[in-house]
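J.: Residue numbering for the sequence shown follows my numbering, beginning at 4 and increasing consecutively.
I am attaching a structure below and will ask some questions about it afterwards.
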Amino acid sequence: MKKSRLCQILYFVTATILIVPMSFGGDVLANTADAEVPGDSTFFSTVYVEESDTLNTDSQGDLWASCWSDDDYLYAANGDGDGFTIIPPNTPNVPPAHEHLTDIAVNRISGTPGNLKGETIARSDDIGQIWNDPDHYNRKPTGMACVDGDLYLAVQDLSKDFNDVPSATIVKSTDKGKTWTWDKSGPMFDDHTFTTIMFLDYGKDYENAIDDYVYAYGLDYNWRDSFNDRVEDPTKLFLARVPKTSIMDRSAWEFYTGLDDGHPTWSSHIDEKVPVLQDDRLVYQDTYFSSDPKNMTVISQGSVVYNKPLDRYIYSSWTEYTFEFYEAPTPWGPWKRFLSKDYGAYPWTETKNGGYATTIPSKFISPDGKTMYVQSNTFMGGTNNYNFSLRKMVVEPYVSSTPTNSKNNDNLAVIDESTTPINKVAHFGNVDYFNNGIKEESEDSWNNERKTVDWWGYTWNKSYNMNTVKYTTGNMFSDGGWFTDVKVQVRQNFEWIDVKNLSVTPDYPKDQTAGKHQTYTFTFDDTWGDGVRIIGTPGGSKTFTSIGELEVYYAKETPQGVGAADMKALVERFEEKGEFANRDAARSLIIHLTAVDHFERREAAEKVVKHMKRFKVLLDHQQDGELISERAFQALHSHADALMKKWEQSLR
C-alpha cells in the first residue's frame with residue numbers, strides 16, 4: 004500500500020491579502036484533486052506554547068498515554084523505558100540500551116506540574132502481548148481511559164523501525180494498574196485498521212462524559228508518517244464509541260459514519276467508518292537537508308482531551324518538527340486547526356525542542372481552562388527529552404472587541420500582558436527578544452527549510468488602533484538574516500490584511516546591507532486589529548530572517564514616520580561603520596539633531612523646521628568637504644527632507 008508522493012508546494016500567499024488565521028502561513032498541501040484541509044479555527048484569540056520542555060521528572064520513557072482515575076492519581080503508560088522506577092544501569096531521561104529495554108510500563112503519578120512524583124507498577128509481558136513477529140515488532144501504549152475505577156489501555160504492535168502498525172488491542176486493570184487482562188486469542192484490531200487508538204480524555208474517572216459511552220479515536224496504517232512508505236501515511240482521524248460496560252467486547256464497538264441532520268451516525272462495521280478529521284497537508288517538503296525526515300503528513304498519535312471550562316475538545320498532533328493543534332465543539336467535530344507550532348529542523352537544544360506523541364492530561368488543565376500542559380518526548384537533534392515532561396500552553400478564547408486606545412507613544416507590544424509573539428520559527432527559541440527592549444539581541448528563523456514566506460509579529464486578546472511598526476533587525480549572516488521583500492499586515496476578524504499606504508524609513512534595502520541591529524520604521528494609514536506582523540520573503544541562500552525587536556504604536560499624526568531620534572540613531576550607526584571622515588563630523592550632526600528632538604517633543608513645528616534647515620546646510624558642507632560617505636549623505640538627506648515635509652505640513 005505504498006503511497007505516491009506526487010505532491011507540490013502550495014502557499015496561501017497573494018499579492019495583496021494573506022488570509023491566515025492565528026500564526027499560520029506558508030503551509031504546504033498535497034496537490035491532489037481530493038486533498039482536504041480542515042478549516043481554520045476562530046475560537047482562540049491568542050495561543051502560546053513554550054519553546055521547550057520546562058517541567059521534567061526523574062523518569063525514563065516516551066509516549067506516556069494517561070488518564071486521571073477516581074483515586075486522584077494520574078496513570079500513564081510509557082514506551083521503551085523503565086518509567087518512574089528506574090533499574091540500573093538505566094538512568095533518567097536517557098533512552099535505554101537494547102539489552103536493558105522495557106518496551107512498555109505503567110506508572111502511577113502524583114502531584115502537580117513542577118512537583119510530580121511517580122512509581123512504576125507494571126511492565127512488559129504483564130501488560131500485553133506482541134501479536135506479530137517479535138523480531139520486527141514490539142508493544143507501544145497509545146491511549147488510556149479511567150472509567151468507573153478501572154483502567155483501560157490501548158496497546159499496539161509497532162514495527163521496530165516505527166513505520167507500520169498492523170495490530171492493536173485493549174487491556175484492562177481492575178486493581179489500579181497492578182495486573183492486566185485481555186483476550187489472548189487475537190488482537191481486537193488488525194490489518195492496519197484503527198490500530199493507533201487514543202481514548203478521549205473526559206476528566207477524572209470519565210466524569211465529564213456526555214453519555215454512557217467511552218469514545219476512542221484511531222488512525223489506520225501507522226502512528227505517524229511512514230518514513231519508508233511501507234504503508235500509507237495517516238491523514239485521517241477516525242472515531243469509535245463503546246458502552247462503558249463493554250469496552251473489552253469488540254462486537255460492541257461502533258464507528259462514526261457521518262452526520263444525519265446534524266446528528267452523528269454509527270455502524271458496527273469498521274469498513275463503513277469515515278474520518279471526523281482529515282488533513283492532507285505536508286510539511287518540510289523543500290529542505291536543505293536530505294538525511295533527516297521530510298515531506299511529512301500531520302496526523303499522528305497524540306491525544307484528544309475535553310477541556311470542560313472552555314467546553315472544547317483539543318486534539319494534539321505532531322510531525323518530526325512541529326506540533327499541530329485542532330479544536331472542536333463535539334467529539335465528532337467540526338475539527339478546525341488553531342495552531343501549527345514549528346520548532347525547526349535539527350539540531351535542537353535544551354531551550355528549543357519539540358517532540359513526538361503530544362498528549363494533554365486533563366488532570367493538569369487549569370480551573371479556567373486557559374492553561375494546559377503538553378507532554379512530548381524526543382531523543383533526536385542533539386537533545387534528550389526522554390521522561391514524563393511538560394511544557395505550558397496558554398490560550399485565550401476570542402471575544403469580539405472595539406479598539407479604544409488613543410494616539411500616544413506607548414509601545415503596544417509592551418503595555419498589554421496578553422501580547423503573544425508569533426513567527427514562522429524561532430531558531431534558538433528566544434521569542435521574548437521581540438519586546439524586551441534590548442535591541443542588540445538577535446533571534447532568527449533558520450530552520451533548514453527553503454521557505455518562501457517568513458514573519459514576526461504579535462497577537463492580542465483585544466483589538467488596538469495602530470499606524471506604526473518599528474522593526475529592528477537581528478544579526479546578519481552570509482546565508483540569510485534579511486527579507487527580500489517585506490510588508491506589514493494586521494489581523495482583523497481572523498484574516499491577515501495588508502496595511503495601506505505603507506512607507507519605510509530608512510528605506511529597507513532588501514539584502515544583507517539591511518545590517519544588524521538596524522531599526523526600520525514602517526508607517527501606514529490608521530488601522531486596527533488584534534494582531535500585527537511584518538511578513539515577506541526571506542533572503543539568503545538558506546532563506547531566513549532575523550529580529551532584534553518589534554515595536555508597535557498608534558503614534559500621533561505628528562510626528563509620524565521618521566523623527567530626529569531615529570536620525571540620531573542612524574548617524575551613530577553610520578559612524579560605527581566608518582561612514583564619516585572623523586568623529587567630529589558625526590558629533591556635529593548629532594548635536595543639531597538633539598536640538599530638533601527637543602523641539603519635536605514639544606511639538607514646536609516652526610523651530611523643528613528652522614533647525615532642520617540648518618542641519619541640511621551642515622550636511623551639504625560635510626559632503627563638499629568629503630567628511631561623509633555618499634551612502635550616508637543620501638540616506639540622511641532623504642530623512643531630513645521627509646522630516647521637514649512632515650512638520651511643514653503641520654503648519655498649514
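Think of the CB as a built atom: it goes at the ideal place given N, C-alpha and C, for glycine as much as any other residue.
DSSP on residue 562, reduced to helix/strand/coil?
T.: Model confidence at residue 562 stands at a pLDDT of 41, short of 50, so the residue's coordinates are unreliable and nothing is read from them.
J.: Using three-state DSSP, classify residue 303 as helix, strand or coil.
T.: coil
J.: Assuming residue 127 contacts residue 106 under a Cβ cut-off of 8 angstroms, what Cβ separation, rounded to an integer in Å, is found between them?
T.: 6 angstroms
J.: Since I believe residue 217 is in contact with residue 202 (beta carbons under 8 angstroms), could you give me their beta-carbon distance rounded to a whole number of angstroms?
T.: At roughly 7 angstroms, the Cβ-Cβ gap stays under 8 angstroms, so residue 202 and residue 217 are in contact.
J.: Nearest chain B C-beta to residue 234 closer than 8 angstroms, yes or no?
T.: Given the protein chain composition of this structure (a single chain), no chain B is represented.
J.: Does the beta-carbon distance from residue 163 to residue 135 come in below 8 angstroms?
T.: no
J.: Nearest CA to the CA of residue 509: which residue from 639, 104, 503, 137?
T.: It is 639 whose Cα lies nearest to the Cα of residue 509.
J.: Using a Cβ-Cβ cut-off of 7 angstroms (strictly less than) and excluding sequence neighbours within five positions of residue 591, which residues of its own chain qualify?
T.: 621
J.: State the CB to CB distance for the pair residue 287 and residue 324, rounded to an integer number of angstroms; the pair is presumed to be in contact (CB under 8 angstroms).
T.: 6 angstroms
J.: Is residue 655 buried or exposed, if buried means 16 or more other CB atoms sit within 10 Å of its CB?
T.: exposed
J.: Leaving aside the five residues before and after residue 26 along the sequence, list all residues of the same chain whose C-beta is less than 6 angstroms from its C-beta, in chain order.
T.: Because residue 26 carries a pLDDT of 45, less than 50, the predicted location of this residue cannot be relied on, and the following value inherits that uncertainty. Once the five neighbours on either side are set aside, the close Cβ partners of residue 26 are 425.
J.: Short of 6 angstroms in beta carbon distance, which residues of its chain neighbour residue 52, apart from the five on each side in sequence? Order them along the chain.
T.: 344, 396
J.: Keeping to the same chain, check which residues put their C-beta closer than 7 angstroms to that of residue 468; ignore five residues upstream and five downstream.
T.: 406, 408, 529, 531, 557
J.: For residue 267 and residue 261, I'd like the C-alpha separation in whole angstroms.
T.: Each residue's alpha carbon lies about 6 angstroms from the other.
J.: Can you confirm whether the stretch 80–96 touches the stretch 53–68 when touching is taken to mean that 3 or more C-beta pairs between the two stretches lie within less than 8 angstroms?
T.: yes
J.: Could you give the DSSP three-state label for residue 272: helix, strand or coil?
T.: Coil.
J.: So, at 6 angstroms on beta carbons, what are the nonlocal neighbours of residue 354 in its own chain, with the 5 sequence-adjacent residues on each side left out?
T.: 55, 432
J.: For residue 456, which three-state DSSP category applies?
T.: coil
J.: In the structure shown, what three-state DSSP assignment does residue 292 receive?
T.: coil
J.: Report the rounded CA-to-CA distance for residue 350 versus residue 206, giving the unit in angstroms.
T.: C-alpha separation (whole angstroms): 36 angstroms.
J.: Per DSSP, which residues does residue 157 bridge with? Please list them.
T.: 146, 173
J.: Report buried or exposed for residue 646, applying the criterion of at least 16 other Cβ atoms within 10 angstroms of its Cβ.
T.: buried
J.: Residue 204 and residue 365: beta carbons closer than 8 angstroms?
T.: yes
J.: Do residue 540 and residue 501 have their C-beta atoms closer together than 8 angstroms?
T.: no
J.: Would residue 585 and residue 389 qualify as a contact pair, given that the criterion is a beta-carbon distance under 8 angstroms?
T.: The answer is no: Cβ separation not under 8 angstroms.
J.: Are residue 158 and residue 174 close, meaning C-beta to C-beta below 8 angstroms?
T.: yes
J.: On the DSSP letters alone, give me the boundaries of the beta strand (DSSP E) that residue 393 sits inside.
T.: Annotation for residue 393: the continuous beta strand (DSSP E) segment containing it runs 393–400.
J.: In this structure, how does DSSP classify residue 327 when only helix, strand and coil are distinguished?
T.: strand
J.: Please report the distance separating the alpha-carbon of residue 581 from that of residue 448.
T.: 29 angstroms
J.: Hey, is the stretch 475–492 in contact with the stretch 508–522, meaning 3+ C-beta pairs nearer than 8 angstroms?
T.: yes
J.: Considering only residues of the same chain and omitting the five flanking positions on each side of residue 651, which have a CB-CB separation below 7 angstroms?
T.: 612
J.: Can you tell me the Cβ-Cβ gap for residue 1 and residue 66, rounded? I've got them flagged as a contact below 8 angstroms.
T.: Look at the range of the chain in this structure, 4 to 655, and you will see that residue 1 is not part of it.
J.: For the alpha helix (DSSP H) that contains residue 53, what are its first and last residues?
T.: Premise fails: residue 53 is in no alpha helix (DSSP H) and is neither H nor E.
J.: With 16 as the cutoff for other CB atoms within 10 Å, does residue 402 come out buried or exposed?
T.: exposed
J.: Report yes if the C-beta distance between residue 543 and residue 583 is below 8 angstroms; otherwise report no.
T.: no
J.: With burial defined as no fewer than 16 other Cβ atoms inside 10 Å of the residue's Cβ, what is the status of residue 189: buried or exposed?
T.: exposed
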